[in-house]
Structure formats: C-alpha cells, structure tokens
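In my numbering, the protein residues as written are 18 to 348.
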C-alpha cells in the first residue's frame, strides 16, 4: 500500500478513543463486556480505515478477511460508512455501488447501516450521493443514522429522548415511519450505552414514551443477538424485561440472524441468542425473514414496516406477546 493510501487512512479514520466505554460514558457491567463492546468499535474503525485507504473492493475484502468472524460484520459496517463518505467527495462516486456489486454483497445489511452512519456525518446537501438502491433494505440507513446519534449524542437522543421533526420532513417516506426506523437504531445503540447489561438496557428503553418502545426493543434485540456480550441467563432476563415487546425483540433477533447467516459469520453466541429470543436456530429465524418478504407491496404503509410486523407476528407464539403497534401512525 502506498504512502498516500496510508496517509489517507490516517486522516479519514476517527480516533479509536471515540469507541472507549469510559470516553462515551456508557455503563460498565464487567471488564469482559467492556472488552467486547470496545472490540466492536475497534473493528468498525478497522473496516473504515481499510475502505478509506484505497476504496478498492478487493483491497478492503482482503484486509477484513483477517478479522474474527465475531467482529468482521462491524468492519463491513465501517467500510460502508467510509465508502459513502468517499462518494460524497468531488470526483468518482461509485465506491459503495462497486463494493455492493462485489465483496460487500453478502454484507449488504451492514453496509447499508454504515451508509447511514455517513448520512449522520455528511451535510444534507450531499445526501443525494448516498447509494442504497434496494427499496426495502434502504431503510437500514436510518437505523444506522439513529445508532450514530444515540452513540455519539447519548444525552440528547437517549436520556433526553430527542426526535428531529426536521429530519423526518427531509427523508422520503411517512414521517412516522422515519421515526420508527431511527428508533430501531437508537434501541440498538442502547445495548452499548447500557453496557450489554439487560436490566440497565431495559431501564433505558422503558424510560421512553410507550409508543416508541416497540422499535427500541427491536433494535436492542438485534444488538443482543448480533453483538452479544451476554450469557443465556442474561438473554432470558432481557426477554422477560421486554414484557409486551418480546415479539419485537424476536423480530430484531431474526434480523441479526439473517444478516449473520447471509454473510457467513454465524458464531455460537448468535445461535444461543436466537434460540432464547426467537425459540429457534439461526437458519430458521433467517428463513422466517425471507418468508415475511414475500408479496410485500407499498399500500400506504411502507413495505419495511409491513416486513417487521410480519416477522413479529411469526414469533409471537414463542414469545407469548401479541404485537401491539402495527406499524401505523400513532393516533
């Protein structure tokens, strides 16, 4: 790799200290949990740096192949962010497109979320450069945006429960749905803010208005399954704490299972979490998300909202909870 590429990596990549739990002021459950969550952050930055260096899909994939399967998906998320930022700069703007056409294809969920991180860092007049062509999965950008805001602006977005009406007005689609998907990302970030401590995470989510909790629990369920940091007993504790939102926790867990399986990154924790939260194995949970996609149409309610509702309903028998917010505007 050339000196220029190394310099570009150093200039573009955020400082690793930004991922430290003590710097962020997140809850500390145990040294092991801190190490896991900080490794997630370091892996994200490793992917960001690999993409920032050259922007070439083959170079990125070769570097990320050396990372543990447990954390490699987060590196692809970081790569998605860096490539989206490169696309927003003057000049050639096909970095995300080319990556998704090549080694990023199996990591599409994480790449789209990474593009959402870039959305949070770019000025709004450059949002048109963001590439997320799948009409269903493009909503994952807002999940990434919500995660970013809760992770880096925790007081405002988590403790003060801020919502931006101006943002919802600037994104295509119903404002109520924009808010719901952002809340999914905020809930995912709350898993980190709460230090992967089920009781602390549930307390953070339950402090939000009731109308927002289904989406928040969905995001936390996704993080509990994908990122981990808990054992079987703790997963069971989180499932109980979710109460009427257990179906949404299962929906998020199924999303995580699908992302892990498609990328070929299933590790033992994913099987454990899917078993506890969905009552089945990763392959079956992932297949449920595929089945739920069949026949989706835009009928006044975005297909992404319908997709999540269907998955929640499919797992309601296991969780013993009935879906309580059917993807519609709050009345």
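By construction, the Cβ of each residue, glycine as well, lies at the ideal position given by its N, Cα and C atoms.
Note that the structure is predicted; figures quoted are calculated from it, not measured.
Query raised in the report: CB-CB under 6 Å to residue 194, same chain, minus the five flanking residues each way: which ones, in chain order?
Result: Position 177 of the chain shown holds residue 194. Cβ within range, chain order: 319 and 322.
Query raised in the report: Looking at C-alpha atoms only, which residue of 329, 164, 151 and 123 is the closest neighbour of residue 306?
Result: The count along the chain shown starts at 1 and reaches residue 306 at position 289. Here the closest residue by C-alpha is 329.
Query raised in the report: Which of the three DSSP states, helix, strand or coil, is assigned to residue 197?
Result: Here residue 197 refers to the residue found at position 180 when the chain shown is read from its first residue. In the structure shown, residue 197 sits in a helix (DSSP, three-state: H, G or I).
Requested in this report: Using beta-carbon positions only, say whether residue 154 and residue 174 come within less than 8 Å of one another.
Outcome: Locating residue 154 in the chain shown gives position 137, counting from the first residue. Locating residue 174 in the chain shown gives position 157, counting from the first residue. Not a contact, by the Cβ cut-off of 8 Å.
**Report entry** Sequence-distant residues of the same chain with beta carbon closer than 7 Å to residue 225, five excluded per side
**Finding:** Here the question's residue 225 lines up with position 208 in the chain shown. Contacts found: 178 and 233.
Query raised in the report: Apart from the five residues on each side of it in sequence, which residues of its chain come closer than 6 Å, Cβ to Cβ, to residue 112?
Result: Taking the first residue of the chain shown as 1, we reach residue 112 at position 95. Closer than 6 Å at Cβ, skipping near neighbours: 72, 100, 103 and 104.
Query raised in the report: Using CA coordinates, which residue listed in 247, 150, 231 and 219 is at the minimum distance from residue 52?
Result: Residue numbering aside, residue 52 sits at position 35 when the chain shown is read from its first letter. The shortest Cα separation from residue 52 among 247, 150, 231 and 219 belongs to 247.
**Report entry** Whole-angstrom distance between residue 142 and residue 269, CA atom to CA atom
**Finding:** By 1-based counting over the chain shown, the position of residue 269 is 252. By 1-based counting over the chain shown, the position of residue 142 is 125. Cα to Cα, residue 269 sits roughly 32 Å from residue 142.
Query raised in the report: Exposed or buried, what is residue 120 when buried is set at 16 or more other beta-carbons lying within 10 Å of its beta-carbon?
Result: Your numbering for residue 120 matches position 103 in the chain shown. Residue 120 sits buried, since 16 or more C-beta atoms from the chains shown fall within 10 Å of its C-beta.
Requested in this report: Would you be able to state if there are at least three C-beta pairs under 8 Å between the stretch 75-95 and the stretch 43-63?
Outcome: Segments in contact, yes.
Query raised in the report: Nearest to residue 135 by alpha carbon, out of 117, 116, 94 and 170?
Result: Along the chain shown, one-based indexing puts residue 135 at 118. Minimum Cα distance to residue 135 is reached at 94.
Query - Through-space distance from residue 310 to residue 272, alpha-carbon basis - result: Looking up residue 272 in the chain shown gives position 255. Looking up residue 310 in the chain shown gives position 293. Taking the straight line joining both Cα atoms gives about 12 Å.
Query raised in the report: Taking just the CA atoms, how far does residue 278 sit from residue 250?
Result: Mapped onto the chain shown, residue 250 falls at position 233. Mapped onto the chain shown, residue 278 falls at position 261. Residue 250 and residue 278: Cα-Cα distance of roughly 24 Å.
Query raised in the report: Closest by CA to residue 189, which one among 215, 159 and 110?
Result: The sequence position of residue 189 within the chain shown is 172, counting from 1. Check the Cα spacing between residue 189 and each of 215, 159 and 110: the tightest is with 159.
Requested in this report: Report yes if the CB atom of residue 206 is closer than 8 Å to the CB atom of residue 167, and no otherwise.
Outcome: Against the chain shown, residue 206 aligns to sequence position 189. Against the chain shown, residue 167 aligns to sequence position 150. The Cβ-Cβ distance between residue 206 and residue 167 falls below 8 Å.
Query raised in the report: Using the beta-carbon count (16 or more within 10 Å), is residue 39 buried or exposed?
Result: For this step, residue 39 is matched to residue 22 along the chain shown. Counting the other Cβ atoms within 10 Å of the Cβ of residue 39 gives fewer than 16, which makes it exposed.
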